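Please read the structure below before turning to the comments.
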Amino acid sequence: MFERPQVGERAVLVQIGIGSRVPPEQIEEFKELARSAGAELCGFVNGQRPSPHPRFFIGTGKVDEVRERLLATDAELVLFNHDLSPSQERNLEAALQCRVLDRAGLILDIFAQRARSFEGKLQVELAQLEHLSTRLVRGWTHLERQKGGIGLRGPGETQLETDRRLLGQRIRQLDRRLDRLDRQREQGRRTRRKAEIPTVSLVGYTNAGKSTLFNRLTGSEVYAAAKLFATLDPTLRRLDLGEGRQVVLADTVGFVRDLPHELVAAFRATLQETRDAALLLHVVDGADPHRSERLEQVDAVLEEIGAAEVRRIEVFNKIDLLGESPRVLRDEQGNVHRVWLSAVDGAGLELLTDAILEAFSKNQARGRLRLAPTEARIRSQLYDAEAVLEEWPEEAGGWRLEISLPERSFQTLCRREGLGPERLDRHPCATHDGFLQSRTVA
C-alpha cells in the first residue's frame, strides 16, 4: 500500500476498446475532458481487449506499459475513460503507486470546479460523496485497520467505520437541503403553470452553444465558454415572443456520453426543468462532424431522465462556421422540426422565436373581440394579461380588440365575466412568413 499524494495534475490517459477499436472522436472527447479538469496530458495508452480484466480492467501487460509511461514522464495521475469498480481502482493504485481516477470521478471533478451557485455546489458535493461511498477502502493505510498496542486493543470504531458514518450523515443532510430547494423550485413551477407561462428548456450535448443562444435570446449574461460543462447551474429568464405571448426559457447543464448516474441523481432538481418543460430546444453543434452521434447520445440521456416524450425542436447552431444560411425544416405534419441558426451573430434567431410561437399557437385563443362600453372591466383584465395586440375604438362606444391569450385563460375569463366564447371572431395565428414554410423533412 502507499500514501496517496494530495496534489498532481500531470496525467497519463488510458482508454481500451472492448470488443472493437476506440473511435477517434471518443479519444478526442476524453482528452478534452482531461484538459477541462486542468490536467497536463503526458501520455496516452490505448489498445483492445475482448472483455475487461477482472482485477485491473486493462491487462497486466498494459499495466506495465502505463507504469513505464508514468516513470518516463514523471506523471502523478492516471485517468481512465471507463467506469472502474472500487476494487479495480484499488488494485490499479497499488500496482501503479499513484492516484487513479475513472471517467465518473473525472466528470465529477470538472463539475466541482464549475459549480457556482449554492444549489449547484450542494448537488456536486452529493454526487461526489455518493461516488466516494463505495471507494473508502483505497490507498490510505491508516484506514485499513484499527491501531493495536497496549491499551489500544478491544472493541471500538475503526477509522473506516467512522468515515462511513460521517459520510452517510452528510449525504442525508445534503438530501434534505436539496429536497427543500426542490420544493421551492416546484412552487415556482406551480406559479408559472397557474399563470399559464410555459417553460422552454435548452438541452443538448455539452459545448453545443446553449448558453450563448440563451444570452442572445434573453439579453442575459450567463457564463458561456468554448469548453465542456461551462454552465452547471440552471438559469431561468422570461422570453417575450411577441403577440402577447411569453415563455420562461431555461438554460440547463449540458449532456455527455455515459453521464455518471451519481450526477443524474444529484441534479434531479435541475433536470426537473427539462422533464416539466412544455417544449425542448435541442441545441446541436451544426459544425460537429459527429453531430448524428451526439443527437443519439442526448436522446439516450433524455430517455434516462424521463423527458423523451416532451416535444422538441432541433436547433442546429454554428452555421457561421459552415457558411450556410438560416432556414427552417418541417416534418410530414407541417410542424417545425429543425431550425438552422448562429447564436454568435444572431442569424436566424427570428426564425427560432417564430417557431416557438407557432408551437404554442395551437393552444391560443386568437381573434377580434368587440366589447361594449359597459365591459370596460373585461378590457382592463385583457390588458393586465398582456393579451391585447391592437385596439380600435367604436363610433358608438366600446372597443374592438385584437387579442391573443392561452385558450384556457380565455375560457376562464368568459366563465367569470359571463362573456360568450362565440363573441371572439377567431382566425389562425399567422406566425410565419413564406421563408419559414420553406422546406419539409421527413
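When you line the sequence shown up against our numbering, it's residues 1 to 442, in that order.
Built from N, CA and C at the ideal position, the CB exists for glycine as well.
It should be emphasised that the depicted structure is a prediction, and the values quoted were computed from it without experimental measurement.
Query                                                                                                                                : Result
Unbroken alpha helix (DSSP H) run spanning residue 24, endpoints                                                                     : 24 to 36
Which listed residue (51, 52, 60 and 43) has its alpha carbon closest to that of residue 75                                          : 43
DSSP three-state assignment for residue 84, whether helix, strand or coil                                                            : coil
CA nearest to the CA of residue 15, picked from 64, 78, 277 and 55                                                                   : 78
Whole alpha helix (DSSP H) elements within the region 366 to 429, 4-residue minimum                                                  : 376 to 384 and 407 to 417
For residue 275 and residue 58, the rounded distance between their alpha carbons                                                     : 38 angstroms
For residue 217, the first and last residue of its enclosing alpha helix (DSSP H)                                                    : 210 to 218
Contact belief for residue 45 with residue 95 at Cβ below 8 angstroms, rounded distance in angstroms                                 : Rounded, the Cβ-Cβ distance is 14 angstroms, inconsistent with contact.
Beta-carbon proximity list for residue 167, same chain, < 8 angstroms, skipping 5 on both sides                                      : 129, 132, 133 and 136
Where the beta strand (DSSP E) containing residue 251 begins and where it ends                                                       : 245 to 251
Buried or exposed (CB count within 10 angstroms, at least 16 for buried), residue 411                                                : exposed
Integer-rounded CB distance, given that residue 318 should sit under 8 angstroms from residue 277                                    : Contact doesn't hold; Cβ gap of about 23 angstroms is too wide.
C-alpha distance - residue 350 paired with residue 10, whole-angstrom precision                                                      : 46 angstroms
Spatial neighbours of residue 40 in its chain, beta-carbon cut-off 8 angstroms, leaving aside the 5 residues before and after        : 9, 10 and 11
Proximity below 8 angstroms, CB of residue 283 to CB of residue 213                                                                  : yes
Residue interval of the beta strand (DSSP E) (run including residue 506)                                                             : Nothing in the structure corresponds to residue 506, since the chain is present only between 1 and 442.
Extent of the continuous alpha helix (DSSP H) to which residue 276 belongs                                                           : It is not in any alpha helix (DSSP H) - residue 276 carries neither H nor E in the DSSP assignment.
Whether residue 339 touches residue 359 by CB criterion (8 angstroms)                                                                : no
Supposed close pair residue 357, residue 202 - CB separation, criterion 8 angstroms                                                  : So it is not a contact: roughly 17 angstroms between Cβ atoms.
First and last residue of the uninterrupted alpha helix (DSSP H) at residue 353                                                      : 349 to 361
Neighbourhood of residue 314 by C-beta distance below 7 angstroms, restricted to the same chain and skipping five residues each side : 282, 284, 337 and 338
Burial state of residue 521, where buried means 16 or more other Cβ atoms lie within 10 Å                                            : Coverage of the chain is limited to positions 1 through 442, which leaves residue 521 absent and any answer about it impossible.
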